Amino acid sequence: MDDEPLAGKAPGTQSHTLGDDLSRLSVRELAELKAACLAEAERIDTEMRTKDETREAANSVFRF
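This is the structure we're talking about:
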């Protein structure tokens, strides 16, 4: 249901969707959002590296 909290989010925490209006956020909220976005970008980079390493390992197994 729409009123259920998102998985991994604490109840009562605000979520932000890319492209949402930023003008309604305070400077503190913007700083927190920026930190969360940077942490998420690092998490994405880590996952991309993991997938690249997995693909490279699979390619090396199947090379003739």
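Last residue of the sequence shown: 64 (UniProt numbering), numbering continuous.
Virtual Cβ for every residue (Gly too), placed ideally from N, Cα, C.
A quick note: this is a predicted structure, and the numbers were derived from the prediction, not measured.
Secondary structure of residue i, DSSP reduced to three states
| i | result |
| --- | --- |
| L38 | helix |
| R46 | A small fix is needed here, since residue 46 is Thr in this sequence, not Arg. DSSP places T46 in helix when its eight states are reduced to three. |
| S23 | coil |
| L18 | coil |
Rounded straight-line distance, which links the Cα of residue j to that of residue i
| i | j | result |
| --- | --- | --- |
| D45 | H16 | 20 Å |
| V61 | E53 | 12 Å |
| V27 | L38 | 16 Å |
| A31 | R43 | 18 Å |
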